[in-house]
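*Asks:* Dropping a structure here in structure tokens format, bear with me for questions.
Residue numbers (my numbering), protein chains in the order written: chain S, 4 to 195; chain U, 4 to 195.
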């Protein structure tokens, strides 16, 4: 929630407690699932009182909102200038975020919640926009309109589809083939 | 659960009751979300006793398993022989299943559950395999190995990514662009 001018300054200890609980919330979510993310269970795992948790977040959605926003969409790759290399690096980075932090599990919960309840849709939109930022930066100069939208949906969709619907992360070969299929239309017609 | 030889024959009335409740379970899931899918609430909405529900399905996962399997992955298009037309028709059919029955909402719940609990993973795998059947039938003769896997993940991934992560179904233009990007690699190198 946004601060107003009448709020007292938030001290460092409160911020630390808050972020500590939110990081634990994401861990509970990715390790145990949404049903396990109750205030009492989280209080126990994080080592704080239930009162502290209810005081910061009156509802589970309030807690989820802050936990997702603190977590963010993960790290990105740094473009080098070669489009194919950069697209492969970005998808590989996305896969490695899933491998290390199992962010696909948190994403799966987020889309399940927003599917029937619009309350967290803005959080999902923010994470997706940030998640797609580098892909759009790379493809924006070479694709336009529906072709650009399709390419972004296909590239991130391959990783998400594989992780969420096939229960496995895509191989290097599948990532390279995905990028090459998207880049095929640029060959010949638009020399780089 | 599998029948044993000692089970009495299941009469038509029992099957009707069972399927009636399972269809209502999918409706509750897609309209109200997973938290709403409790035995007491479903009994009320479907108009059967709680005892009947607990008797058929001792747990929520048992209920979800049968509900997802009865629902299936939805209708498919009938191939005409023109690859581009057929791929566009199949993705458009997938989109229209989402539009009409909001199956993406049920799918979102299924992936959220299987993300941390492998109990329903076989149900997800079955629905995904059936969902990809026509795409694989269309692309199997023209693509191989990682390129085939990438193409299937990209085509279905575009629709899933759009519906689940962007909160909107893809436009005709995005569907056509997706298919054209996938088919680009076939042009020239492999005449049709």
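Virtual Cβ for every residue (Gly too), placed ideally from N, Cα, C. These figures come from a predicted structure and were not determined experimentally.
(1) Using 10 angstroms around the beta-carbon of residue 93 of chain U, count the other beta-carbons present and answer buried if the total reaches 16, otherwise exposed.
(2) Residue 66 of chain U CB to nearest chain S CB: under 7 Å?
(3) In terms of alpha-carbon separation, which member of U/73, U/156, U/172 and U/91 lies closest to residue 105 of chain U?
(4) Is it the case that the Cβ atoms of residue 157 of chain S and residue 157 of chain U are separated by a distance below 7 Å?
(5) Here's a check: name, in chain order, each residue in its chain whose Cβ is nearer than 7 Å to the Cβ of residue 142 of chain U, leaving out the five neighbours to either side.
(6) At 4 residues or longer, what runs of the alpha helix (DSSP H) sit wholly inside the segment 65-139 of chain S?
(7) Which residues, taken in chain order from the segment 109-126 of chain S, show a beta carbon closer than 9 Å to some beta carbon of chain U?
(8) Any beta-carbon of chain S closer than 7 Å to the one on residue 194 of chain U?
(9) Going by the CB atoms, is the gap between residue 74 of chain S and residue 29 of chain S shorter than 7 Å?
(10) Going straight from the alpha carbon of residue 116 of chain S to that of residue 111 of chain U, what length do you get?
(11) Distance cutoff 7 Å, beta carbons only. Does residue 52 of chain U sit that close to anything in chain S?
(12) Measuring only between beta-carbons, confirm whether residue 4 of chain U sits less than 7 Å from chain S.
(13) With a threshold of 7 Å between beta carbons, is residue 163 of chain U in contact with chain S?
(14) Spatial neighbours of residue 55 of chain U within its chain, please: C-beta separation below 6 Å, excluding the five flanking residues on both sides.
(15) Which chain S residues are close to residue 34 of chain U, counting only those with a beta carbon under 8 Å from its beta carbon?
(16) Of all Cβ atoms in chain U, is any one closer than 7 Å to the Cβ of residue 167 of chain S?
(17) Considering residue 175 of chain U, what are the terminal residues of the alpha helix (DSSP H) in which it resides?
(18) From which residue to which residue does the alpha helix (DSSP H) around residue 160 of chain S run?
(19) Which word fits residue 181 of chain S, buried or exposed, when buried means at least 16 other C-beta atoms lie within 10 angstroms of its C-beta?
(20) Report the rounded CA-to-CA distance for residue 166 of chain S versus residue 103 of chain S, giving the unit in angstroms.
(21) Looking only at C-alpha atoms, which of U/71, U/20, U/15 and U/47 sits nearest to residue 126 of chain U?
(22) Report the option in U/164, U/14 and U/139 whose CA atom is closest to the CA atom of residue 79 of chain U.
(23) Alpha carbons only, please: which of U/88, U/97, U/35 and U/57 is nearest the one belonging to residue 208 of chain U?
(24) Give the range of the alpha helix (DSSP H) segment to which residue 172 of chain U is assigned.
(25) Please list the partners that residue 188 of chain S has in chain U, where partner means a Cβ-to-Cβ separation under 8 Å.
(26) Applying a beta-carbon distance threshold of less than 7 Å, which residues of chain S neighbour residue 157 of chain U?
(27) Rounding to the nearest angstrom, what Cα-Cα distance links residue 41 of chain S and residue 38 of chain U in this structure?
(28) Using the three-state DSSP reduction, which class does residue 23 of chain S fall into: helix, strand or coil?
(29) Could you compute how far the alpha carbon of residue 82 of chain U sits from the alpha carbon of residue 136 of chain S?
(30) Assuming residue 35 of chain U and residue 119 of chain S make a contact with CB atoms under 8 Å, what is their CB distance in whole Å?
(31) Is it right to say residue 49 of chain S is buried, meaning 16 or more other beta carbons lie within 10 angstroms of its own, or is it exposed?
(32) If you compare alpha carbons, which of U/164, U/144, U/107 and U/129 is closest to residue 33 of chain U?
*Replies:* In short:
(1) buried
(2) no
(3) U/172
(4) yes
(5) 151, 154 and 155
(6) 86-104 and 106-119
(7) 109, 110, 111, 112, 113, 114, 115, 116, 117, 118, 119, 120, 121 and 124
(8) Bear in mind that a pLDDT of 39 at residue 194 of chain U, under 50, signals an unreliable position, so the number given afterwards is only what the model happens to contain. Chain S, which has no Cβ nearer than 7 Å to the Cβ of residue 194 of chain U, makes this no.
(9) yes
(10) 8 Å
(11) no
(12) Reliability of the predicted coordinates at residue 4 of chain U is poor, the pLDDT of 48 falling under 50, and the value obtained from them is presented with this limitation in mind. Not closer than 7 Å to any Cβ of chain S, the Cβ of residue 4 of chain U fails to qualify, so no.
(13) yes
(14) none
(15) 119
(16) yes
(17) 175-186
(18) 148-163
(19) buried
(20) 13 Å
(21) U/71
(22) U/139
(23) Given that chain U is displayed from residue 4 to residue 195, the structure contains no residue 208 of chain U and the question cannot be resolved.
(24) Neither: residue 172 of chain U is in no alpha helix (DSSP H) and is coded neither H nor E.
(25) 183, 184 and 187
(26) 157, 160, 161, 181 and 184
(27) 13 Å
(28) helix
(29) 37 Å
(30) 6 Å
(31) buried
(32) U/107
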